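>
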Amino acid sequence: MINKFVVIDLETTGNIPKKGDRIIQFAAVVIENGKITEEFSSLINPQKPIPVFIEELTGINDDMVKDAPLFCDISEKVKALLDGAYFVAHNVLFDLSFLQEELLQAGCEGFYGSVLDTVEMARILYPTADGYKLSDLAEKENLQHDRPHQADSDALVTAELFLIMLEQLTLLPYITRRQLCQLAGGLKSDLQQLLDEINQRLHKHKEEIPDSIEIFKEMALKKVVVVDDPHTEQKEVQYPLSEEDKIEVIKHGFQVYEKRSGQFKMMDTVYNAFKSQKHTLIEAGTGVGKSLGYLLPIAYFSKQRKTPIIVSTHTIQLQEQILTREIPLLATILPFKISSVLLKGRNHYLSLAKFHQTLLEENDNYDTTLTKMQILVWLTETETGDKDELNLSSGGQIFWNKIKDEPNVYKQNQEWQEKDFYYKAKSKANNADIIITNHSLLLSDLKGEGSILPASDYVVIDEGHQFEKVASQFFGYSLDYLSTRLLINQLGLYEQKQLFYELETFLSTMPKHAANLLQRSELNQLVVDATYEMDEFFKLIALFAKTKISNKKGPNRIKARFSSSENGREKKALVHSAERFVFLLKDINSAIIKRLDWIQQEKPLLTTVEVTKIEEISSFSNELEQLRKTVISCFMAETKDVKWIEMDIRSPQNITTFLAQPATVAEQLKEKFFQTKKAVVLTSATLSVNHSFDYIMREIGLDTDTTLQMTIPSPFEYENQVQLLIPDDLPEINSVTLDEYVIAITEHIITIAEATKGRMLILFTANDMLKKTYELIKESGFLNEYVLIAQGITSGSRTRLTRNFQRYEKALLLGTSSFWEGVDIPGEDLSCLVIVRLPFSPPGEPLTEAKCQLIVEQGGNAFSEYSLPEAILRFKQGFGRLIRTETDRGVIIVFDRRIVTTKYGKAFLKSIPSVPVKKGIMDELVEFIHNWL
């Protein structure tokens, strides 16, 4: 049994030892018997210059290493340290490959012992972590990490992290460790050996199961304890509350309470809307306390009427915030108990039966093995079984399709039902007072394919400005190459041993083979043909889109309209290919369905393993049928939908999507949604345009005469907190080329960044302008000491980019579409917001074009009825990013001079809170920024 671990970290001149990159710093931390017993580090002379970017990253320069030892001078010490130990590192293959090369060059033997990778261990032991960088994990475990990218500091932090992870391994239930050990043979490191040693050492305690864990069918699951509140006496539920009562109720939950009259007004409006059964729009400015403004009255209403109420949001962040922050707060302030649940679509939940089945299967690839290990650990922590908790690799996402929850065809999997996550979430929802969900799921009930949400006559739609957009996607279709290919690949050819092979193997065990089934070789040929036709079909989609590009030097990501009335050669070829693809899908699916019917008829009683497999094949068959219907709707059915293609011309096939959406959803929403509910409250910080709700009501099909409308202004003192600046010395955006405009704004951004010390969010309306600006700032070298974070260039989700931005003192964050809303950066982290251009949708954008055409056909004015109001709402969203609390201060700079040079520019200024506006040349404005901030 090895009881010595040596944690190694290296700084190097580059990434490839075989191409002559060398070590410039070596550090090792020795762990024996669970304690750090020795630390060793040394700078090393690489006998070659250190590149500038490595010097910037590590702080190590040529002067520092010129008198340092060569690696061969410390090679004996390194050998002695590693003798009889596990070699441990964060991304172990990198450090090991460098060390091997240096040891061999020094004339020593390489290291051929056991290795452990702390990245791999972290992925398994922290399945829900946001990221697996050393700095992220150190922050998660509250470890001091003073000098990232210096080997001695990194090695020490990695060692401390490794000790924590060793402890975590020993605390896992024995059964989980045993299953991890069985899987660990497929990893890059020797974790299997370590687990084996731990299991042998702790074997005598294997039956001691922690109180928080239960064992079900050979799997360790978190025990969900339902706590009965001893204070069950319920006070009488009375509402409306007087102002004093509201203050009294709310004071319970706040240490420091500020009276928010706007919030009280919202509470009464929501309650009265439900009581009088009227649809209502409430625009509540930032800082009103919107969530509590509707949660408190609906809690009372739900209790009084004994009826469930649905709260729908657009973003996961807001759902989580309501569930983890607002509802617990509500529980502390209400004089009665309230139950709530977050409900998502079925395939968000893990099917334990399917996952258990995959544990019995072998020959996994690396990603699948790692994902299985992540899930085994996650099952000891999760109460929901919701995929959104997990940090899955792209390969892990593919594996999820095998184990997600789906409707049962056979009722034989009932034994799993008591632990089924989706079933538990649904039954909890059926008994809940408040059900939190998202706009898509709220709408999915309209399709009438078996309701997911409990029936409810009362709905609150938060982030209501997004409801129309989600409805358009929901009533439309989307077809992309990657998902289509993944689906066909799930079936696979017979020799690829996927679902087709499993189905045939199953049939071969049947007593007599059905005569009328398609022969295996014929079905195999159909799969070959369908795969070929699918590739052709998407090539033709890309070819058609390319015929629509007039400017060959335009952006790489394009959108091209597809019109049913066209008759070109490319269009005809595309429709013929779609028809061939549809027939092939139909033939394949009917062959699968005949096989499934035959099995059901000949073998009504199946084993659990067989049931799980048959259900997987059956659910695949349903998805195949859905794909067939989508292709028909997009290419062969007569619909009024707007159709278009989105693709990246650099990699046409992989990133090609065909979309079809209705130009207007007002009628459908009116008929299928609003007329079926007693009262719907829509709320958001941005619903009105120039103090009128007409635009949003027209878009979603609400009647102006019967809908209540309420604006609750923000309590913030914008006139003292914000200065709006408009530079005079920028060209009019439409009077110069894109490149000239980018040069002009880049100079301004650099000047402003130096005045504000970074802390800037810069909002663009197009990716290509963002990218060009980012590259020009980088090239200029003026902002070298600033951290530049750019959406689509810096990797990571919106949340991660925002968090990184907050982490650095001097940072610039460049964002497009999704950064205009939902980004919350309070305090001094953000003191300057730049809006590069007014956020009008490009006129050539297919959906915009179709909406405008429709308005013109009906005798309206497309600009004032659609383009302008849509841009104003987005502008208001962008404006709302700057001031998030009553103590925030900052400047907003609008580069687009149309805000003051055009008639319609006034409408933008009238739609935001009243703030001082200052115009002038950039030098004067910078002087002002200096003094004001």
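Numbering-wise (my numbering), the sequence shown opens with residue 1 and increments by one.
Ideal Cβ positions, reconstructed from N, Cα and C, are used throughout, including at glycine.
Only a predicted model underlies this, so the values are computations on that prediction, with no experimental measurement involved.
(1) Look at ASN438 and GLN319 and say whether their C-beta atoms are less than 8 Å apart.
(2) Between the region 492–502 and the region 630–644, can you find at least three pairs of beta-carbon atoms closer than 8 Å?
(3) Relative to the C-alpha of ARG881, which residue among MET266, ILE855, GLU754, CYS832 is closest?
(4) Grab the span of the beta strand (DSSP E) containing ALA284 for me, first residue to last.
(5) Should the region 520–529 be called in touch with the region 681–693, which here means at least 3 C-beta pairs below 8 Å?
(6) Going by DSSP, which residues form a beta bridge with VAL30?
(7) Helix, strand or coil: how does DSSP classify ARG305 here?
(8) Since ILE825 and LEU783 should fall inside the 8 Å C-beta cutoff, what is the C-beta to C-beta distance between them, to a whole number of angstroms?
(9) Taking the C-alpha atoms as reference points, what is the distance between PRO328 and PRO297?
(10) With H, G and I counted as helix, E and B as strand and the rest as coil, what does DSSP make of CYS108?
(11) DSSP three-state label for GLN595, please.
(12) Take the Cβ of GLN675 as the centre, count every other Cβ of all protein chains shown within 10 Å, and call the residue buried at 16 or more, exposed below.
(13) Across the region 791–810 and the region 735–745, are there enough close Cβ pairs to call them in contact, namely three or more that are closer than 8 Å?
(14) Can you tell which of TRP416, MET267, PRO713 has its C-alpha closest to the C-alpha of LEU350?
(15) Contact between the region 75–92 and the region 24–35 is defined here as three or more beta-carbon pairs at a separation below 8 Å; is this criterion met?
(16) Which residues in the same chain as LEU540 place their Cβ atom closer than 8 Å to its Cβ, once the five residues preceding and following it in sequence are excluded?
(17) So ARG898 and LEU730 are in contact, right, with Cβ under 8 Å, and what is the actual spacing, rounded?
(18) From SER75 to PRO69, what does the alpha carbon distance come to, in whole angstroms?
(19) Give every residue of the same chain whose Cβ lies closer than 8 Å to the Cβ of TYR366, excluding the five residues on either side of it in the sequence, and list them in chain order.
(20) The alpha helix (DSSP H) that contains LEU669, what's its start and end?
(21) Using 8 Å as the Cβ pair cut-off and three pairs as the minimum, do the region 624–638 and the region 477–491 touch?
(22) Where does VAL6 land, buried or exposed, given buried means 16+ other C-beta within 10 angstroms?
(23) In the DSSP assignment, find the alpha helix (DSSP H) that holds TRP820 and state where it starts and stops.
(24) Tell me, to the nearest whole angstrom, how far the beta carbon of ASP190 is from that of LEU116; I am working on the premise that it is less than 8 Å.
(25) Return yes when the Cβ of ILE2 is within less than 8 Å of the Cβ of THR13, no when it is not.
(26) Since I believe VAL377 is in contact with PRO715 (beta carbons under 8 Å), could you give me their beta-carbon distance rounded to a whole number of angstroms?
(27) Looking at the structure shown, is GLN150 part of a helix, part of a strand, or coil, going by DSSP?
(28) Is the CB-CB distance between ILE938 and TYR458 below 8 Å?
(29) For SER212, which residues in the same chain have their Cβ closer than 7 Å to its Cβ, ignoring the five residues on either side in sequence?
(30) State buried or exposed for PRO996, treating a residue as buried only when at least 16 other CB atoms are found within 10 Å of its CB.
(31) Which residue or residues does DSSP assign as beta-bridge partners of PRO727?
(32) Of all the alpha helix (DSSP H) runs that stay within the bounds of the region 312–387, which reach a length of 4 or more residues?
(33) Do three or more CB pairs link the region 648–662 to the region 470–482 at distances below 8 Å?
(34) Between the Cα of ALA874 and the Cα atoms of LEU156, SER565, PHE764, ASN431, which residue gives the shortest distance?
(35) Could you pull the start and end residues of the alpha helix (DSSP H) that THR756 belongs to?
(36) ARG580: which of VAL609, ASN589, PHE537, ILE599 sits nearest, CA to CA?
Quick answer:
(1) For ASN438 and GLN319, yes; Cβs fall inside 8 Å.
(2) Contact between the region 630–644 and the region 492–502 is absent, because fewer than three Cβ pairs lie under 8 Å.
(3) Out of MET266, ILE855, GLU754, CYS832, CYS832 has the C-alpha closest to the C-alpha of ARG881.
(4) Segment 280–284, the beta strand (DSSP E) holding ALA284.
(5) With the rule of 3 Cβ pairs closer than 8 Å, the region 520–529 does not count as touching the region 681–693.
(6) In the DSSP output, where bridge partners are listed per residue, VAL30 has VAL6, GLU38.
(7) In the structure shown, ARG305 sits in a helix (DSSP, three-state: H, G or I).
(8) Your pair ILE825 and LEU783 does not check out as a contact, with CB atoms roughly 19 Å apart and the cut at 8 Å.
(9) Using only the alpha carbons, I get a separation of about 15 Å.
(10) Here CYS108 sits in coil by DSSP.
(11) Looking at the sequence itself, residue 595 is Arg, so the reference to Gln does not match. In the displayed model, ARG595 falls within a helix according to three-state DSSP.
(12) Label assigned to GLN675: exposed.
(13) Below 8 Å, too few C-beta pairs join the region 791–810 and the region 735–745 to call them touching: fewer than three.
(14) In this structure, TRP416 is the residue among TRP416, MET267, PRO713 with its C-alpha nearest to the C-alpha of LEU350.
(15) The count of Cβ pairs closer than 8 Å, one atom from the region 75–92 and one from the region 24–35, reaches three, so the stretches are in contact.
(16) These residues qualify, in order along the chain: GLU570, ALA573, LEU574, SER577.
(17) Incorrect: roughly 11 Å between the Cβ atoms, too far for contact.
(18) Going from the Cα of SER75 to the Cα of PRO69 covers about 10 Å.
(19) Exclusion of the five residues before and after TYR366 leaves GLY186, LEU187, LYS188, GLY395 as the residues of its chain whose Cβ lies within less than 8 Å of its Cβ.
(20) Its alpha helix (DSSP H) spans residues 666–672.
(21) Output reads yes: the region 477–491 touches the region 624–638.
(22) Burial call: buried.
(23) Boundaries for TRP820: no alpha helix (DSSP H) harbours it, and the DSSP string shows neither H nor E there.
(24) Contact flag correct, Cβ pair sits at about 6 Å.
(25) Contact flag unset, no.
(26) No, PRO715 and VAL377 are not in contact; Cβ-Cβ is about 45 Å, not under 8 Å.
(27) Coil, per DSSP.
(28) No statement about residue 938 is possible, as the shown extent of the chain runs from 1 to 933 and does not include it.
(29) Same-chain partners within the cutoff: LYS222, LYS223.
(30) Residue 996 lies beyond the range of the chain shown here (1 to 933); nothing can be said about it.
(31) Its beta-bridge partners are GLY920.
(32) Under the rule that a run must span 4 or more residues, the alpha helix (DSSP H) segments found entirely inside the region 312–387 read 316–321, 327–333, 352–359, 366–378.
(33) Yes, they touch.
(34) The residue asked about is misnamed: residue 874 is Arg in this sequence, not Ala. It is PHE764 whose Cα lies nearest to the Cα of ARG874.
(35) From DSSP, the alpha helix (DSSP H) with THR756 extends over 738–756.
(36) Ranking the options by Cα distance to ARG580, first place goes to PHE537.
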